[in-house]
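Working notes, beginning with the structure itself.
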Amino acid sequence: MTFATPTSTTYVKPLERDRTGITVLAAGVPADAREGIAAALTDRDDDAAVLDAPTASEVRDRVTDTTIDCVLVGEHLRETSVRDFFAALPEDGPPVVCYVDGGHSGLAADAVNAGAEGYFEHGEGGDHYAAVAHRIEAVAEEYAHVAELAETCRLLLCLTEYTDDSLWMFSGDWTETAVVNDAYESVWNRSITDLIEDPADFLRDIHPDDRPAIEEGMATLSAGESASIEYRIEYDDDAYHWLSVHAEPVFDEDGDVEYVAGFTRDVTDLKEREVGMRALNERSTVLLEAREREAVVEMALDIVEEVVDCSLAVVRGHRDDDEALAPLGATESALELVGATTVSDLGTVPAGTPLYDAFRQDSSTLIDDDDAITAAVGTNDAVGSLLVVPLGDHGVLGLGSPPGEQWGGFDRDMVELLGRTVTAALDRVERDEQLDAYRQRLEQSNENLQQFAYVASHDLQEPLRMVSSYVDLLESEYGDELDEEAEEYMHYAVDGAQRMKAMIDGLLAYSRVETQGESFERVDTTAVVENTLRELSLLLDENGTTVEYGDLPAVEGDETQIGQVFQNLLKNAAEHGDATTVEITATTTDDRVAVAVTDDGTGIPPEEQASIFDIFEQGHAAEDGSGIGLAVCDRIVERHDGTLTVDSAPGEGTTFTVTLPRALEEGQR
C-alpha cells in the first residue's frame, strides 16, 4: 500500500490520535517472542508497548476500547480460527501481522488471505526481532496515514453534505462527473443519477437566453480561467429560479486542466429582494415628490400591495386634540376584512391601546396576541400578526400577515424602510403647508404694504403741493416786505417740502419694483451704462465726477430697473461720496455676471454698512437724500435673483458689487 498527501493550504482538523509510542496487541504469540519484539520496539521508542491478549474476545474488546496501532497474531490464539478472528475485527480496525512457526504455513496463508499485512516465521536473536519490529512500525505508520486520510475525507464529505450550495467537479472536458453533493438535486431540481450518467444533464433546463453565457463559461474553465455567472433554470412548476455559479480550473502536474470545480447557489430569494428593493427605491422617489397628505397615503398603500405584496394595510394619523389615531387610508382587503365601506368606518384608536403604544415607539412593533390584534383591527380573523411601523409624529402604518406567517427578516426591513420614506414625505408635506401659509401671509403683507405706499404717496402729494403753492404765493405777494429771516424760513419750508416729495416718490418707486417691473430679456449692460451717463451728465459735471468703463457682459433682466440701479449707485458716489472717479468693471462665471462700481470717495464707516440698504437709512454724508435709493437698488437686484454688496472703508472709497444672471444665448432661450 502506498499513500501520498497532496500539497494544499486547506486546513483539516488533525485526527486526535496519540502518535508517540506504538502499542502492539499480541494475540496467541509466545511470551519469549513478545518480550523480544517489545525490546526491539523500545530500543527505537521508549513509549512502545506490547500487550498480551490470549483470546479473540479480548482482542476485540481491546481494539474497540483502546488505541491499538497493530495486532500481532500467532498460532496459539484460542477460542477461534484465524478466519473468524479477522471477520470479528472492525473494518477500520488496526492492521494485523501474522507471526507463526514454520509448521503453521497454512495458518499464515489464511491470515494473509483474510487481510493480514504479511507474516513472519518464528526466529531468535536481536536481528530477527528487530526485523519484526521494523515491519510492525511500517504497518502502523501506514495505518495512521490511512486513518487520517479517512478522517479528512469524512470531514470533507460532511462539508459537502451540510451545505445548501451544490459542490461539483467535472473532468476538464466536461465528459465525466467526478464529484457532486446532494444539494445538486435541490438547487437544480434534477437527479444526481442523471448527472453522473450524463454530465451535460444540468444544461437541459437552463433558460435559452442564458445558455450562451453558460457555454462560454464552460469553455473559459476548460481553457484554464475562472468563471462566475448568474443564470436561470426552469423548475417543474414552470417558474424560473436564479442560480449563481463560481468555478475554477484544477491543474495537473503538467499544468493542464484536469478538472473544473465550483459551487452553485440558488439566489432566487436574493434576486427577488434586489427587484423588490429596486422597485421600492423607484416608487419611494415618486412618493417623496407628493405634495399632499392624501397622495402620500395613497402611494404608500399602493407600494405595500404591489412591492411588499401585502393586501392588509391601514394608515392612521395622529390627532393631537384627543390623543387618538384616526384612519387616513386603507387597502380594499383591509376594509372588507372588517366589513367597512369607507375609511372613516374603521374608527379611531384611543391612547392606551397596543396600537397606540406602538405609535409611541422608535421602531416597528410586532403584535401577535389575538386580543391585541382584535383591539387594533376589530377582528383576528385572517390576521396572524400585525406589524406596526410608526411614522414619526404623523401616525402609524399597520400591515397584517395571514395566520401562520410572521413579519421578519427582509420583508420587515423593507416595510421599516418604507415607513421612514413615508415619514420623510409627510414631513415635507407639512413643511410645504407651513411655507405656503407663510408665503400667503407674506404676499398679503406685501400687497398691503404696496397699497399703503401707493395711497400714502398719492394722498401726501396734495398737501405738499399746497404748501409749495402757498409759499410761492406768499413770496410773490409779500416778497418785498419780508426780511432776511422770513426768507430763510420760507427756504426751509420749500426745502422740506421738496425732500418730503423725494421721499414719497422714492417710497412709491420702492413699492412698484415687484408690481410694475417688465419681463426679463437680454440687456446690453454697456448701453444701459451709457444711457445712464447721458441722463446724469449735468450732475456728474457739477460734482466733478468722471466715470470709466469698458465693454460689459450682457445680463438677463428688466432693462429699466437695471438702469435705475446704475443711476442710483452713480448718483450716490457723486453726490454723497465726493467721488472724483468712478470705475465700472465686470467678471463672469458660467451663469452670473458681477458688476463692480468703485469710487475714490470718502467711504462708508463700518457701523453704517450693515444697514445701508434699509429703507429711509441715510449715511453720514447723505443728509440731503431720501434714504431710499440704495433700498430700491437692493429690492431690484433681489427681484433679479441677484445680490448687492458693499465693500468700503473711510477715506479709501467704496465698491458696490451687483451680481445678476448672465444673459442666455439665442439657442438657450
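Numbered according to the working numbering, the sequence shown spans residues 6 to 674.
Here a beta-carbon is modelled for each residue, glycine too, at the ideal position from N, C-alpha and C.
Source: prediction; values computed, not measured.
**OP:** Report the rounded CA-to-CA distance for T71 versus A32, giving the unit in angstroms.
**Re:** Here residue 71 corresponds to residue number 66 of the sequence shown, with the count starting at 1. Here residue 32 corresponds to residue number 27 of the sequence shown, with the count starting at 1. Cα to Cα, the separation comes out at about 15 angstroms.
Original post:
With respect to the beta strand (DSSP E) encompassing D556, which residues constitute its N-terminal and C-terminal limits?
Top reply: Position 551 of the sequence shown, counting from 1, holds the residue named residue 556. In this chain, D556 is not harboured by any beta strand (DSSP E), its DSSP state being neither H nor E.
Subject >> Limits of the alpha helix (DSSP H) - the one that C163 falls within >> reply: Start at 1 with the first residue of the sequence shown, and residue 163 comes out as number 158. Looking at the DSSP string, the run of the alpha helix (DSSP H) that includes C163 is G131 to E166.
Subject >> Where Y240 sits in the DSSP three-state scheme >> reply: Locating residue 240 in the sequence shown gives position 235, where the first residue counts as 1. Under the three-state reduction of DSSP, Y240 is assigned to coil, being neither helix nor strand.
Original post:
With burial defined as no fewer than 16 other Cβ atoms inside 10 Å of the residue's Cβ, what is the status of P355: buried or exposed?
Top reply: Counting from one through the sequence shown, the residue named residue 355 turns up at place 350. Looking at its Cβ environment, which holds fewer than 16 other Cβ atoms inside 10 Å, P355 is exposed.
**OP:** For my contact list, S227 and V265 are in at a C-beta cut-off of 8 angstroms; report their separation, rounded to the angstrom.
**Re:** As a working note, residue 227 is residue 222 in the sequence shown. As a working note, residue 265 is residue 260 in the sequence shown. Contact flag correct, Cβ pair sits at about 7 angstroms.
**OP:** Report all residues from its chain with a CB closer than 7 angstroms to the CB of D115; omit the five preceding and five following residues, and keep chain order.
**Re:** Along the sequence shown, read from residue 1 onward, the residue named residue 115 stands at position 110. Cβ-Cβ distances below 7 angstroms link D115 to V87 and R88 in the same chain, with the five nearest sequence neighbours on each side left out; the list follows chain order.
Subject >> D66, buried or exposed, once every other Cβ within 10 Å from all chains shown has been counted against 16 >> reply: Against the sequence shown, residue 66 aligns to sequence position 61. So D66 ends up on the exposed side.
Original post:
If you draw a straight line from the alpha carbon of E190 to that of W179, how long is it in whole angstroms?
Top reply: In the sequence shown, counting from the first residue as 1, residue 190 sits at position 185. In the sequence shown, counting from the first residue as 1, residue 179 sits at position 174. The alpha-carbon atoms of E190 and W179 are separated by roughly 19 angstroms.
**OP:** Using alpha carbons as the reference points, say which of L351, D367, L396 and G409 lies closest to D375.
**Re:** Along the sequence shown, one-based indexing puts residue 375 at 370. That would be G409, whose Cα lies nearest to the Cα of D375.
Original post:
If we ignore side chains and look at the alpha-carbon of each, how far apart do S233 and V262 end up?
Top reply: Counted from its first residue, the sequence shown places residue 233 at position 228. Counted from its first residue, the sequence shown places residue 262 at position 257. Roughly 18 angstroms separates the two Cα atoms.
Original post:
D271 bridges to which residues according to DSSP?
Top reply: As a position in the sequence shown, residue 271 is number 266, starting the count at 1. DSSP lists L248 as partners of D271.
Original post:
Per DSSP, what kind of secondary structure is R365 in: helix, strand or coil?
Top reply: The residue labelled residue 365 in the question sits at position 360 within the sequence shown. In the structure shown, R365 sits in coil (DSSP, three-state: anything other than H, G, I, E or B).
Original post:
CB-CB under 8 angstroms to V301, same chain, minus the five flanking residues each way: which ones, in chain order?
Top reply: On the sequence shown, residue 301 is found 296 positions in, with the first residue counted as 1. Result list for V301: L292, A295, V427, A430, L431 and V434, in chain order.
Subject >> Limits of the unbroken beta strand (DSSP E) element including R597 >> reply: Your numbering for residue 597 matches position 592 in the sequence shown. Segment R597 to D604, the beta strand (DSSP E) holding R597.
Original post:
Taking the alpha-carbon positions, what's the G634 to A329 distance?
Top reply: Stepping through the sequence shown from its first residue, residue 634 is reached at position 629. Stepping through the sequence shown from its first residue, residue 329 is reached at position 324. For G634 and A329, the distance between alpha carbons rounds to 56 angstroms.
**OP:** Consider the Cβ of N573: report whether some Cβ of chain B lies at a distance smaller than 9 angstroms.
**Re:** No chain B is part of this structure, which consists of one protein chain only.
Subject >> Assigned secondary structure, H212 (DSSP; H/G/I helix, E/B strand, else coil) >> reply: Reading the sequence shown from its first residue, position 207 is the one you call residue 212. Three-state DSSP puts H212 in coil, outside helix and strand.
Subject >> Same chain, Cβ closer than 6 angstroms to N186, neighbours up to 5 away in sequence not counted >> reply: Mapped onto the sequence shown, residue 186 falls at position 181. These residues qualify, in order along the chain: T165 and L172.
Original post:
Quick one, are the C-beta atoms of R298 and L333 less than 9 angstroms apart?
Top reply: The residue given as residue 298 occupies position 293 in the sequence shown. The residue given as residue 333 occupies position 328 in the sequence shown. Yes.
Original post:
How many angstroms separate the CA atom of Y167 from the CA atom of L161?
Top reply: Reading the sequence shown from its first residue, position 162 is the one you call residue 167. Reading the sequence shown from its first residue, position 156 is the one you call residue 161. Computed Cα separation, rounded: 10 angstroms.
Original post:
In chain order, what residues of the same chain have a beta carbon less than 6 angstroms from the beta carbon of Y104, not counting five sequence neighbours either side?
Top reply: Working through the sequence shown from its first residue, we reach residue 104 at position 99. Same-chain partners within the cutoff: V34, L77, G79 and F125.
Original post:
Do you know offhand how far A205's Cα is from D416's?
Top reply: For this step, residue 205 is matched to residue 200 along the sequence shown. For this step, residue 416 is matched to residue 411 along the sequence shown. Going from the Cα of A205 to the Cα of D416 covers about 38 angstroms.
Original post:
Is there contact between the region 357-373 and the region 398-405, where contact requires at least three CB pairs shorter than 8 angstroms?
Top reply: yes
Original post:
What three-state label does DSSP hand S474 in the structure shown?
Top reply: Within the sequence shown, the letter at position 469 stands for residue 474. Reduced to three states, the DSSP call for S474 is helix.
Original post:
What residues in its chain sit with their C-beta under 7 angstroms from that of Q569, if we drop five residues either side in the sequence?
Top reply: Looking up residue 569 in the sequence shown gives position 564. Only V637 and I641 meet the Cβ criterion.
Original post:
If we count Cβ pairs, one from each stretch, closer than 8 angstroms, do we get three or more for the region 582-589 versus the region 545-553?
Top reply: yes
**OP:** Rank L351, P666, A152 and D326 by C-alpha distance to the C-alpha of S338 and give the top, closest one.
**Re:** Here residue 338 corresponds to residue number 333 of the sequence shown, with the count starting at 1. With distances taken between Cα atoms, S338 lies closest to L351.
**OP:** Note down the Cα distance separating V313 from D373, rounded to an integer number of angstroms.
**Re:** Sequence index remark: in the sequence shown, residue 313 carries index 308 (1-based). Sequence index remark: in the sequence shown, residue 373 carries index 368 (1-based). Approximately 19 angstroms between the Cα atoms of the pair.
Original post:
D235 by DSSP, collapsed to three states: which one?
Top reply: As a position in the sequence shown, residue 235 is number 230, starting the count at 1. The residue asked about is misnamed: residue 235 is Glu in this sequence, not Asp. Correct three-state label for E235: strand.
Subject >> Coil, strand or helix - H323 by DSSP >> reply: Indexing the sequence shown from 1 puts residue 323 at position 318. DSSP places H323 in strand when its eight states are reduced to three.
**OP:** Report all residues from its chain with a CB closer than 7 angstroms to the CB of Y236; omit the five preceding and five following residues, and keep chain order.
**Re:** The residue you call residue 236 lines up with position 231 of the sequence shown. Once the five neighbours on either side are set aside, the close Cβ partners of Y236 are I211, H212, D215, A218, I219 and L248.
Original post:
Below 9 angstroms between beta carbons: does that hold for L1 and V602?
Top reply: Because the chain spans 6 through 674 in this model, residue 1 falls outside it and cannot be assessed.
Subject >> Minimum C-alpha distance to T648 - residue among Q456, F661 and A654 >> reply: What you label residue 648 is simply residue 643 of the sequence shown in a count that begins at 1. Ranking the options by Cα distance to T648, first place goes to F661.
**OP:** Count the other C-beta atoms from every protein chain shown that fall within 10 angstroms of the C-beta of Y240, then say buried if there are 16 or more, exposed otherwise.
**Re:** Your numbering for residue 240 matches position 235 in the sequence shown. The residue in question, Y240, is exposed, as its Cβ has fewer than 16 Cβ neighbours within 10 Å.
Original post:
For V137, which residues from the same chain have a beta carbon less than 6 angstroms from its beta carbon, with the 5 sequence-adjacent residues on both sides left out?
Top reply: Here residue 137 refers to the residue found at position 132 of the sequence shown. Leaving aside the five residues that flank V137 on each side, the residues in its chain whose CB is nearer than 6 angstroms to its CB run, in chain order, I42 and F125.
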